[in-house]
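S.K.:
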Amino acid sequence: MPKILLVDDAAFMRMRSAKLLTEHGYEVEEAENGQEAVLKYQACRPDLVLMDITMPVMDGITATREIKRIDPNAKIVMVSALGQQSMVIEAIKAGAKDFVVKPFEPEKILATVRKFTS
Amino acid sequence: MKAEFVNPFVSAAYRVLQTETRTEVTKGQVTLEDSPLVSDEVTVLIGVVGRAQGLVLYGMSERTAKGIVGAMTGEAIPVFDAMAESAIAELGNVITGLASGDLERAGYPCKIAPPSVVVGKGTSISTLNIKRLVIPLYTKFGELQVHVALRETY
């Protein structure tokens, strides 16, 4: 069962995405900021990280760099409302594999998870 | 206040509300205000910094907020609790984030802060010397007012 680390400061987004993923057979871990994501990544080594960008304590871009430093093979997909081209480029430079812009249809996030965990 | 700051928020709000709540949205008359905003029952505040700088606010009644969150979750929301606050804050965050993409393409790259929520009617919120463009949006859940108080910086 692939393990997904959901990183988002919005409790609602974590709840909704966790429900969707567990209903489709994925194991889910959650973190509410980038710093917690780095610690959880080290502890549970998920198959994929779904990472928000704008978060308190540590943002998603910094957390992506930290996780890639710990594990260069880490698979991280940014899931953000920030549709700015400059932000997409910054995320890819930090090591993100893909970028999903909110709002998204549930099938979009499931297809992205399947792509990186199958 | 530049009129070109309006359309990114209108189109983003249409897209987000239609995707998240499966409802049609219509826009009312846009007005320009320079007095402090007196909050409705639920107000989401999001700071913006960059070439466009200021504050974006989303105001609505609790009934409207519950209706929107209920449509987002597919469940009735009897009480406007912490999870409902998180959902309505995320709605504002996603609208502002999407709008920031259009602002960047128009030559105003900017970053947005995590959202805050004011619950309770009658709080006076001043955007100081930045005037507010007020965009009323009508949904089947009630009215959502988008307040855009942004100025260009160099």
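So the sequences go chain by chain: A and B. First residue of the first sequence: 1, per our numbering; consecutive thereafter. First residue of the second sequence: 1001, per our numbering; consecutive thereafter. Just so it is clear, CB atoms sit at the ideal spot from N, CA and C, and this is done for glycine as well.
#1: Step through the CB atoms of chain A and report whether any lies within less than 9 Å of the CB of residue 1007 of chain B.
#2: Counting only runs that start and end within the stretch 38-111 of chain A, where is the beta strand (DSSP E) found for 3 or more residues in a row?
#3: Check the DSSP bridge columns for residue 1048 of chain B and list the partner residues they point to.
#4: Hey, how far is the Cα of residue 30 of chain A from the Cα of residue 1110 of chain B?
#5: According to the Cβ coordinates, are residue 96 of chain A and residue 117 of chain A closer than 9 Å?
#6: From the DSSP secondary-structure annotation, give me the bridge partner or partners of residue 1151 of chain B.
#7: Do residue 53 of chain A and residue 87 of chain A have their beta-carbon atoms positioned less than 9 Å apart in this structure?
#8: List, in chain order, every chain A residue whose beta-carbon is nearer than 7 Å to that of residue 1087 of chain B.
#9: Helix, strand or coil: how does DSSP classify residue 1039 of chain B here?
#10: Measure from the alpha carbon of residue 1130 of chain B to the alpha carbon of each residue in B/1082, B/1140, B/1089, B/1053, then state which is nearest.
#11: In chain B, which residues lie less than 7 Å from residue 34 of chain A when you measure between Cβ atoms?
#12: Is the stretch 1110-1119 of chain B close to the stretch 35-53 of chain A, with three or more CB pairs under 8 Å?
#13: Do residue 1084 of chain B and residue 1056 of chain B have their beta-carbon atoms positioned less than 9 Å apart in this structure?
#14: Use the C-beta contact count for residue 24 of chain A: other C-beta atoms within 10 angstroms, 16 or more gives buried, fewer gives exposed.
#15: Around the Cβ of residue 78 of chain A, are there at least 16 other Cβ atoms within 10 angstroms (buried) or fewer (exposed)?
#16: Rounded to whole angstroms, what's the CA-CA distance from residue 1002 of chain B to residue 1031 of chain B? Just pull it up for me.
#17: Any C-beta of chain B within less than 8 Å: which residues of the stretch 68-84 of chain A qualify?
#18: If you reduce the DSSP assignment to three classes, tell me which class residue 1075 of chain B lands in.
#19: Using a Cβ cut-off of 7 Å, pull out every chain B residue sitting near residue 93 of chain A, in sequence order please.
#20: Given residue 1140 of chain B, which residues of its chain have a CB within under 8 Å of its CB, disregarding the five upstream and five downstream residues?
#21: Taking 8 Å as the cut-off, does the CB of residue 28 of chain A come closer than this to any heavy atom belonging to the ligand ATP?
#22: In this structure, how does DSSP classify residue 31 of chain A when only helix, strand and coil are distinguished?
#23: Answer yes or no: does any C-beta atom of chain A fall closer than 9 Å to that of residue 1101 of chain B?
M.R.: According to the structure data:
#1: Stepping through the second sequence from its first residue, residue 1007 of chain B is reached at position 7. No - not a single Cβ of chain A is within 9 Å of the one on residue 1007 of chain B.
#2: 48-51, 76-80, 98-101
#3: Taking the second sequence and counting its residues from 1, the one referred to as residue 1048 of chain B is at position 48. For residue 1048 of chain B, which the question treats as bridged, DSSP gives the partners B/1054, B/1112.
#4: Taking the first residue of the first sequence as position 1, residue 30 of chain A is located at position 30. Taking the first residue of the second sequence as position 1, residue 1110 of chain B is located at position 110. Spanning the two alpha carbons is a distance of roughly 28 Å.
#5: Here residue 96 of chain A refers to the residue found at position 96 of the first sequence. Here residue 117 of chain A refers to the residue found at position 117 of the first sequence. It is not a contact, given that the beta carbons lie outside the stated cut-off.
#6: The residue given as residue 1151 of chain B occupies position 151 in the second sequence. Looking at the DSSP assignment, residue 1151 of chain B forms a beta bridge with B/1053.
#7: The sequence position of residue 87 of chain A within the first sequence is 87, counting from 1. The sequence position of residue 53 of chain A within the first sequence is 53, counting from 1. The answer is yes: Cβ separation under 9 Å.
#8: On the second sequence, position 87 is the one that residue 1087 of chain B refers to. Neighbours of residue 1087 of chain B on chain A, chain order: 12.
#9: Along the second sequence, read from residue 1 onward, the residue named residue 1039 of chain B stands at position 39. Residue state, collapsed to three classes: coil.
#10: The residue labelled residue 1130 of chain B in the question sits at position 130 within the second sequence. Minimum Cα distance to residue 1130 of chain B is reached at B/1053.
#11: Position 34 of the first sequence holds residue 34 of chain A. Ordered by position in chain B, no residue passes the 7 Å Cβ test against residue 34 of chain A, which lies about 12 Å from the chain.
#12: no
#13: By one-based count along the second sequence, residue 1056 of chain B stands at place 56. By one-based count along the second sequence, residue 1084 of chain B stands at place 84. Not in contact: residue 1056 of chain B and residue 1084 of chain B (Cβ atoms no closer than 9 Å).
#14: Residue 24 of chain A sits at position 24 when you count from the first residue of the first sequence. The residue is exposed, with fewer than 16 neighbouring Cβ atoms inside 10 Å.
#15: Your numbering for residue 78 of chain A matches position 78 in the first sequence. Answer is buried; the Cβ neighbour count reaches 16.
#16: Translated into positions along the second sequence, residue 1002 of chain B becomes position 2. Translated into positions along the second sequence, residue 1031 of chain B becomes position 31. Cα-Cα distance, rounded: 13 Å.
#17: 80, 81, 82, 83, 84
#18: The residue you call residue 1075 of chain B lines up with position 75 of the second sequence. Note: residue 1075 of chain B maps to coil in three-state DSSP.
#19: For this step, residue 93 of chain A is matched to residue 93 along the first sequence. What residue 93 of chain A touches in chain B: nothing, since even the nearest Cβ is about 16 Å away.
#20: Within the second sequence, the letter at position 140 stands for residue 1140 of chain B. Taken in chain order, the residues that qualify are 1023, 1024, 1067.
#21: Because no ligand of any kind appears in the structure shown, any question about the ligand ATP cannot be addressed here.
#22: As a working mapping, residue 31 of chain A is identified with position 31 in the first sequence. Of the three classes helix, strand and coil, the one that applies to residue 31 of chain A here is strand, per DSSP.
#23: Position 101 of the second sequence, counted from the first residue, corresponds to residue 1101 of chain B. So yes, residue 1101 of chain B belongs to the interface.
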